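Contents: one structure, followed by commentary.
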Amino acid sequence: MKAAVVSFPGSNRERDIMMALERASGVKPSLLWHGDTEIPDTDLIVVPGGFSYGDYLRCGAMAAHSPVMKALKEKAAKGTPVLGVCNGFQILVEAGLLPGALMRNASLKFVCRQVHLRVEDSQSLFTNAYEKGQVIRVPVAHAEGNYTADEDTLKHLEDRGLVAFRYVAPDGSLAPEANPNGSTRAIAGIFNDSKTVLGLMPHPEDATDPHAGGMDGFGMFKSLVNALH
Amino acid sequence: MIPNTKITAEVVQEHGLTEDEYALLLKIMDREPTLAELGIFSVMWSEHCSYKSSRVWLKTFPTSGPKVLQGPGENAGAVDIGDGLAAVFKIESHNHPSFIEPYQGAATGVGGILRDVFTMGARPIANLNALRFGDPKHPKTRHLVSGVVAGIGGYGNCIGVPTVAGETNFHPSYNGNILVNAMTVGLARADRIFKAAARGPGNRVLYVGAKTGRDGIHGATMASAEFTEESEAKRPTVQVGDPFTEKLLLEACLELMAEDAIVAIQDMGAAGLTSSSVEMAARGGLGIELNIDHVPMRETGMTTYEVMLSESQERMLLVVKPGAEKIAERIFKKWELDCADIGVVTETGRLVVKKDGKVEIDIPVAPLVDQSPLYRRPHVPSPKRPEIKAANTKVVEPVAALKQLMGCPDLASKRWIWDQYDHLVGNDTIQTPGGDAAVVRVRDTRKALAMVVDCTPRYCVADPKTGGMQAVVETWRNLTAVGAEPIAITDNLNFGNPQRPEIMGQIVGCIEGMGEACRALDYPVISGNVSLYNETNGQGILPTPVVGGVGLLDEYTQTVGLALKNAGCALVLIGETKGWLGASLYLREIAGWEEGAPPPIDLAVERKTGDLVRGLVRGGKVEACHDLSDGGLLVGIAEMALAGGIGAKLEAAPKGTPDHAWWFGEDQARYVVATADLDGVLATAKAAGVPARVIGETAGASLTLAGGSAISLDELRSIHEGWLPKYMS
Amino acid sequence: MKATVHVTLKPGVLDPQGVAIGHALTGLGFAGVNSVRMGKFLELDLAETDRAKAEAAVKAMCEKLLANTVIESYRVEIR
Amino acid sequence: MKATVHVTLKPGVLDPQGVAIGHALTGLGFAGVNSVRMGKFLELDLAETDRAKAEAAVKAMCEKLLANTVIESYRVEIR
Ligand SMILES: Nc1ncnc2c1ncn2[C@@H]1O[C@H](COP(=O)(O)OP(=O)(O)O)[C@@H](O)[C@H]1O
Ligand SMILES: [Mg+2]
Chain A
1 MKAAVVSFPG SNRERDIMMA LERASGVKPS LLWHGDTEIP DTDLIVVPGG
51 FSYGDYLRCG AMAAHSPVMK ALKEKAAKGT PVLGVCNGFQ ILVEAGLLPG
101 ALMRNASLKF VCRQVHLRVE DSQSLFTNAY EKGQVIRVPV AHAEGNYTAD
151 EDTLKHLEDR GLVAFRYVAP DGSLAPEANP NGSTRAIAGI FNDSKTVLGL
201 MPHPEDATDP HAGGMDGFGM FKSLVNALH
Chain B
1001 MIPNTKITAE VVQEHGLTED EYALLLKIMD REPTLAELGI FSVMWSEHCS
1051 YKSSRVWLKT FPTSGPKVLQ GPGENAGAVD IGDGLAAVFK IESHNHPSFI
1101 EPYQGAATGV GGILRDVFTM GARPIANLNA LRFGDPKHPK TRHLVSGVVA
1151 GIGGYGNCIG VPTVAGETNF HPSYNGNILV NAMTVGLARA DRIFKAAARG
1201 PGNRVLYVGA KTGRDGIHGA TMASAEFTEE SEAKRPTVQV GDPFTEKLLL
1251 EACLELMAED AIVAIQDMGA AGLTSSSVEM AARGGLGIEL NIDHVPMRET
1301 GMTTYEVMLS ESQERMLLVV KPGAEKIAER IFKKWELDCA DIGVVTETGR
1351 LVVKKDGKVE IDIPVAPLVD QSPLYRRPHV PSPKRPEIKA ANTKVVEPVA
1401 ALKQLMGCPD LASKRWIWDQ YDHLVGNDTI QTPGGDAAVV RVRDTRKALA
1451 MVVDCTPRYC VADPKTGGMQ AVVETWRNLT AVGAEPIAIT DNLNFGNPQR
1501 PEIMGQIVGC IEGMGEACRA LDYPVISGNV SLYNETNGQG ILPTPVVGGV
1551 GLLDEYTQTV GLALKNAGCA LVLIGETKGW LGASLYLREI AGWEEGAPPP
1601 IDLAVERKTG DLVRGLVRGG KVEACHDLSD GGLLVGIAEM ALAGGIGAKL
1651 EAAPKGTPDH AWWFGEDQAR YVVATADLDG VLATAKAAGV PARVIGETAG
1701 ASLTLAGGSA ISLDELRSIH EGWLPKYMS
Chain C
2001 MKATVHVTLK PGVLDPQGVA IGHALTGLGF AGVNSVRMGK FLELDLAETD
2051 RAKAEAAVKA MCEKLLANTV IESYRVEIR
Chain D
3001 MKATVHVTLK PGVLDPQGVA IGHALTGLGF AGVNSVRMGK FLELDLAETD
3051 RAKAEAAVKA MCEKLLANTV IESYRVEIR
């Protein structure tokens, strides 16, 4: 699997995700810069975490309009899988590739901690190495991960099974204290309609090493390799 | 302000210079200074930049050793960690700005220390912070905690450097003077450490980074003057941090450093363009000529005085090799940062600053720096405090006392704080906040750096020398407990007004103790910072010499944390317990008594004990390890139990030691380990000549004392985790 | 010319900041704060001298960048 | 009563957000954006019915919480 990671001024988790991708696939991903107008042929495009453009104005807003995003949208329209993590999720939402919006955490504070996620779909490109309903432990680190969307959008997401992950208690049940940011319906990650685009706030890439955060996030990268090798 | 203001006695005084200092200035200048020149002398001779009260004492620190690549004197210190790499680190205070504007003050403190480290050519890999706030009941405290924590997180999170450790204390002595000390650790190639000495007359001086505004003018002088209600009202223009620009500056600087372009580089921190240009020139024994007209400015009508003294953030000054200007320009343009040629290195030995073609500043650099005031201020030693006998202290049932201690502001969990810090970015944080020391992997090697900040001010006020020693020793112990070999320290000396002999006595005592400990442990001082005049209306803070320690693990998988992992392990107390309650947390929190001599320190015993423990950790003989400090043995065990979610059954105190002294005494040089190899541990300790004693066994979900008194971990956790979130809500 | 832009959350979109500020105000002893909504306020200095053109330009800026029209609405004034 | 509050950075205080937005607008092809300053805009719904009292209360809220008067100034309007 050959992946390309897009980086913006202010991205800061690109290296974390490149290492996770390389660990899973054995292939070093290439790194693209925000000003690139073309994206070479690739199996997967990843928009990593960080504070693109300082997260000023709105998280992801300025990055969403950078030249590379235009190229990314074209690729995505043709079916190239796209993964957006944290700031990457915010950017995909601002770019219109995923519905809804990510608002300030309900606590109004940045939150960095381990959370539990329930895998809501194990058939996708991104999640086939997990079981449906499996609970995994991965960290979050963000100030604006409070997912919100209008009722129609939420209904659409639920009806079509487009919610990829939800924040849950360790036993897999929904619980307010398990939701780190106040997201509507405890949504942690969503797919686009064709399930070729996934955006999520948590950082599975920081749970791909037994000595730093455990291995629970590795399944996502393994899934991608399974699907795209 | 106009440049040719008449320099009256009042103007001189406003600039914080004494009559004698002004007389010295006149001698050096051989004429009356312009206002801009006076401003430059004022900041360069401020306590913050000149260390005029502390310099003679700082010289007594041991600063060299086989691993030291760069000791004090540069932007940060550096030590060799093998594999051709260096660990670069320093600590810096931003106390006064954080009191005035907690968010921006703390944020720009982090920004400043990050720059000190990446100026050296190092990529920052971790941030730490040491915080001291006033009484939780004081009306300002909550607001200050909230702003400072958000500011530290806001800056570090955005730039993508994990904030991995810190400490937070509360005490009424900080009501009007909080302490915000920030430390950064970075990694550089050992053969590519960048320095700040200007070389090569004719070489161009480049300004890079953000534009200059009227931010924080006089910040350096403010950090050197006592606080009054009035100065709070004056509210100097505070600096606003821009971590996004700093991230770009970091990447651009590292990119330029990879080219063969830089002669010298220095960040513009306190006293901005002034201190950076003067220090660069002084270190190289040369002169610098600057043209104010070429300085990128974000405001109009700025005077030379303002430009030279502005403390706008996210700026650097470079001297580049001939012809390298183009390379710098290209790289900074790529990162959308300003890069301006603002001057040249000269042979004159003078700092000459021109505006509109006219010379507005012309100062001989060497005397400005070398002849800066140096004071051996009068000092009186702190009165010796009596030893406090356990028999004379209040006795409270151990579990009841434990509950009270685990929920007191100093011991309560600081999770509410570190949850707001991205402590994971980089995916190299092996030991996260909450343990004895953080451990961060060194990429592309098997190594890791352990790091910690620590100080116990109540010991320092009780006996400055012992307290200074203890601050060093505790960091050494924290590093040891995670299996690291302590390498070197940086320190931040926070004290009150040095013109008061009793405060100066604290400074001298602490420095003496710190130096002694560093020598005995081969643990040199490689960088540091001094913050004096932490007083409000004549009330000084507790003496707070914060120590930042860094240690090395050759194999990162060998580290252990404090969390108990399995039931059925033996808990072994290593080191000797006499039950020292003087100046202890028990005494303060339970008996309401801030009295007594602090626990004595035997450096040889510390070393022997620590070497034993490190060997046990690295040899895989223990599953968990924790050094004992604030609160003593029972608190230490409780912390281990909470971290792992596994309880313990504890044996009775040895005969002859009263319960409260045994469980809460703060004797030094002690660790608790959990082991499945009890015989091995005891035999190794015996061979090393270090006392070791089984004190219980890991079991269940509560702490149970001999005699049956017990507390469940759930209850203990809600006490321990509950205080800060509740206080802040 | 100067332009000001107010960006506010659309009615019905939950505003966590506004809610938190409202709580905090009540906590500080300010009684009778029924609700708080929080928005952004931008001041732009433009080279354009034609009022209508400036307004059109700023509206385009809002659509493109300054507001997230999924959840926010905006108001432009030219002075 | 309704109150609106504009909180803006005092002149001379660095506005990193404004600068970044200005850059971004230029990057998007909007020419002639000389500068952008970013502030906050709050709408409060108050139980108070006396105009002067409402104004005094909101000013107190600004001093205490809504504005950081070290670096920001504020403007209150009651409607
Ligand atoms: N307490 C101290 N112990 C050791 N070195 C110190 C101490 N205080 C300052 N130094 C050293 O003095 C030099 C000047 O420090 P400082 O003026 O704080 O740097 P900066 O200009 O970055 O603020 C640095 O090399 C610093 O490491
Ligand atoms: Mg420096």
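Chains as they are written, first to last, in the numbering used here: chain A, 1 to 229; chain B, 1001 to 1729; chain C, 2001 to 2079; chain D, 3001 to 3079.
Ideal Cβ placement from N, Cα and C applies to all residues, glycine included.
Values in this document were obtained by computation on a predicted structure and should not be read as measured data.
Check your understanding: Between the region 3018-3033 of chain D and chain B, which residues of the former have CB atoms less than 9 Å from a CB of the latter, in chain order?
Key -> 3019, 3020, 3023
- [ ] Please confirm whether residue 1274(B) and residue 1302(B) have their CB atoms less than 9 Å apart.
- [x] no
So for residue 1233(B), helix, strand or coil by DSSP?
Reliability of the predicted coordinates at residue 1233(B) is poor, the pLDDT of 43 falling under 50, and the value obtained from them is presented with this limitation in mind. In the structure shown, residue 1233(B) sits in a helix (DSSP, three-state: H, G or I).
For residue 1234(B), collect the residues of the same chain with a Cβ closer than 8 Å to its Cβ; drop the 5 residues on either side in sequence, then sort them by chain order. Low per-residue confidence applies at residue 1234(B): pLDDT is 41, beneath 50, and the placement is therefore not dependable enough to give any value.
Assigned exposure category for residue 3034(D) - 16 Cβ within 10 Å defines buried:
exposed
Practice prompt. Report the residues of the region 188-204 of chain A with a CB closer than 9 Å to any CB of chain D, ordered along the chain.
Written response: none
Own chain partners of residue 1701(B) with C-beta closer than 7 Å, once the 5 adjacent residues on each side are dropped: Only 1647, 1712, 1713 meet the Cβ criterion.
For the alpha helix (DSSP H) holding residue 1720(B), just list the boundary residues, first then last.
-> 1713-1728
Expressed to the nearest angstrom, what Euclidean distance is found between the alpha-carbon atoms of residue 123(A) and residue 196(A)? 12 Å
State the Cα-Cα distance for the pair residue 1554(B) and residue 1617(B), rounded to the nearest angstrom.
13 Å
query: Where do the ends of the alpha helix (DSSP H) carrying residue 1593(B) lie?
result: Residue 1593(B) -> no alpha helix (DSSP H), and no H or E assigned at all.
Check your understanding: For residue 126(A), which beta-bridge partners are listed by DSSP?
Key -> None, per the DSSP bridge assignment.
Inset, instruction - Taking residue 1325(B) as part of the alpha helix (DSSP H), name the residues at either end of that continuous run. - result: 1325-1334
task = Identify whether residue 1049(B) lies in helix, strand or coil by the three-state DSSP scheme.
result = helix
**Asked** How would you list, in chain order, the residues of chain D whose beta-carbon sits under 7 Å from the beta-carbon of residue 2045(C)?
**Response** 3034, 3035
**Prompt:** Between the C-alpha atoms of residue 1242(B) and residue 1209(B), what's the straight-line distance to the nearest angstrom?
**Reply:** 11 Å
Would the C-beta of residue 1471(B) count as close to ligand 3, meaning under 8 Å from any of its heavy atoms? Absence of ligand 3 is noted for the structure shown, with ligand 1 and ligand 2 being the only ligands found.
Does the CB of residue 148(A) have a neighbour CB from chain C at under 9 Å?
yes
- Considering only residues of the same chain and omitting the five flanking positions on each side of residue 1001(B), which have a CB-CB separation below 7 Å? Residue confidence is low: residue 1001(B) scores 37 on pLDDT, short of 50, so the model does not pin down where it sits. Its coordinate-derived value is still stated next. The residues are 1035, 1303, 1305.
ask   = Listed from N- to C-terminal order along the chain, which residues in the region 84-114 of chain A have their beta-carbon within a distance smaller than 9 Å of any beta-carbon of chain C?
value = 93, 94, 96, 99, 100, 101, 103, 104, 105, 106, 107, 108
(Q) Contact criterion: CB-CB distance below 9 Å. Does residue 69(A) meet it with respect to chain D? (A) Answer no: the Cβ-Cβ gap between residue 69(A) and chain D never drops below 9 Å.
Is it right to say residue 1268(B) is buried, meaning 16 or more other beta carbons lie within 10 angstroms of its own, or is it exposed? buried
Exercise. Under a Cβ-count criterion, where at least 16 other Cβ atoms within 10 Å of its own Cβ denotes burial, should residue 1090(B) be classed as buried or exposed?
Worked result: So residue 1090(B) ends up on the buried side.
Exercise. Quick one: does residue 3061(D) have its CB under 9 Å from some CB of chain A?
Worked result: no
Give the secondary structure of residue 1406(B) by DSSP, where H, G and I count as helix, E and B as strand, and everything else as coil. helix
C-beta neighbour in chain D for residue 54(A), strict 9 Å:
yes
*Nearest-angstrom Cα distance between residue 48(A) and residue 1262(B)?*
One C-alpha to the other measures close to 32 Å.
**Asked** In chain C, which residues lie with their C-beta within 8 Å of the C-beta of residue 2967(D)?
**Response** Shown here, chain D extends from 3001 to 3079; a query on residue 2967(D) therefore has no answer.
Notebook entry, point to check: Along chain A, which residues have their Cβ under 8 Å away from the Cβ of residue 2071(C)?
Noted result: 101, 103, 148
- Message: Going by DSSP in three states, residue 1418(B) sits in which element: helix, strand or coil?
- Response: Taken through DSSP and simplified to helix, strand or coil, residue 1418(B) comes out as helix.
_Validate contact between the region 1189-1202 of chain B and the region 41-60 of chain A using beta carbons, cut 8 Å, 3 pairs_ = no
Go through its chain and collect everything with a Cβ distance to residue 1365(B)'s Cβ below 7 Å, but skip five positions before and after it.
Cβ neighbours of residue 1365(B) beyond the five flanking positions: 1278, 1281, 1282, 1287, 1349, 1350, 1351.
Do three or more CB pairs link the region 1682-1692 of chain B to the region 1558-1566 of chain B at distances below 8 Å?
no
C-alpha gap between residue 29(A) and residue 1715(B), whole angstroms = 48 Å
Worksheet entry | residue 136(A), enclosing beta strand (DSSP E) - first and last residue | Note, residue 136(A): beta strand (DSSP E), 135-142.
Requested in this report: Find the nearest neighbour of residue 2020(C) within the set 2003(C), 2011(C), 2038(C), judged by alpha-carbon distance.
Outcome: 2038(C)
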